[in-house]
Amino acid sequence: MIKFVKYLTAIALLASVSTVAGEKEAKVATKAECAASECTQKQLTLKIDGAACEATCAALDKVLTSLEGVKAESCSKSHVTKVSYDSAKVKPEQVFAAFKKAGVKVEGQQIELAVNGMACGSCSSKVSKALTKLDGVLNGSACHQSKKATVLFDPSKVKSEQIVAAINSTGFKVGEAAASAN
Ligand SMILES: [Cu+2]
Numbered sequence: 384m385i386k387f388v389k390y391l392t393a394i395a396l397l398a399s400v401s402t403v404a405g406e407k408e409a410k411v412a413t414k415a416e417c418a419a420s421e422c423t424q425k426q427l428t429l430k431i432d433g434a435a436c437e438a439t440c441a442a443l444d445k446v447l448t449s450l451e452g453v454k455a456e457s458c459s460k461s462h463v464t465k466v467s468y469d470s471a472k473v474k475p476e477q478v479f480a481a482f483k484k485a486g487v488k489v490e491g492q493q494i495e496l497a498v499n500g501m502a503c504g505s506c507s508s509k510v511s512k513a514l515t516k517l518d519g520v521l522n523g524s525a526c527h528q529s530k531k532a533t534v535l536f537d538p539s540k541v542k543s544e545q546i547v548a549a550i551n552s553t554g555f556k557v558g559e560a561a562a563s564a565n
């Protein structure tokens with residue numbers, strides 16, 4: 384019983400602390416502040432062709448990170464490069480040009496989306512079908528067990544918002560947190 388009371392007190396304390404923190408946050412997050420910091424930080428996950436060994440991956444990462452504020456990690460096994468960049472300093476075209484310079488072909492951009500409501504294989508195949516029907520989607524598959532859809536697409540032909548809309552049109556909804564990933 385004493386434990387339970389302590390537990391309740393802890394919750395009450397936590398609640399009051401988080402309210403204070405919430406108020407602070409609301410004051411700080413002005414538009415100017417937002418434009419100046421993390422809001423311009425972008426992440427790209429790209430499927431690559433032509434970086435089959437660790438040496439070529441290291442060479443690619445070197446070209447990418449020579450761009451201001453760019454972080455890159457390429458994996459020769461999964462053939463995926465993860466790039467993070469500040470869109471206020473570097474344009475995505477510059478990132479893609481760096482791949483060209485390194486002699487690595489970008490097959491497409493890869494995103495993973497949380498999809499709610501898929502209960503069996505026929506649900507996930509409905510989502511997969513909707514994805515592969517979209518022009519610009521190179522590969523799309525959904526899995527009802529992981530509740531995720533993995534999509535490889537050509538960003539010059541289709542936008543991630545269109546992919547989200549295509550999934551939502553099946554009746555299964557893309558989770559909010561994952562939908563913001565670009
Ligand atoms: Cu189903």
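Every number in this note's numbering is 383 more than the matching position in the sequence shown, counting from 1.
Backbone N, C-alpha and C fix where the C-beta goes; we use that ideal spot for every residue, glycine too.
Everything numeric in this text was worked out from a predicted model, so none of it was measured.
Assigned secondary structure, residue i (DSSP; H/G/I helix, E/B strand, else coil)
i: Leu-429; result: strand
i: Gln-545; result: helix
i: Glu-406; result: Note on Glu-406: pLDDT 38, under 50, position unreliable in the model; the coordinate value appears next. It is helical.
i: Thr-515; result: helix
i: Lys-509; result: helix
i: Gly-523; result: strand
i: Gly-504; result: helix
Buried or exposed by the 16-neighbour rule on C-beta atoms within 10 Å, applied to residue i
i: Ser-507; result: buried
i: Gln-493; result: buried
i: Ala-532; result: buried
i: Gly-558; result: exposed
i: Asp-432; result: exposed
i: Cys-440; result: buried
i: Asp-444; result: buried
Beta-bridge pairing of residue i - partner residues as DSSP gives them
i: Asn-551; result: Per DSSP, none; premise fails for Asn-551.
Cβ pair residue i, residue j closer than 9 Å
i: Ala-442; j: Ala-485; result: yes
i: Pro-538; j: Gly-491; result: yes
i: Ala-434; j: Ser-457; result: yes
i: Gly-523; j: Ser-505; result: no
i: Lys-465; j: Gln-426; result: yes
i: Leu-514; j: Val-534; result: yes
i: Leu-447; j: Phe-482; result: yes
i: Ser-470; j: Thr-423; result: yes
Note down, one range per segment and in chain order, each beta strand (DSSP E) of at least 3 residues found wholly within the stretch 417-493. Entirely contained in the stretch 417-493, the beta strand (DSSP E) runs reaching 3 residues are, in chain order, 424-432, 454-458 and 463-469.
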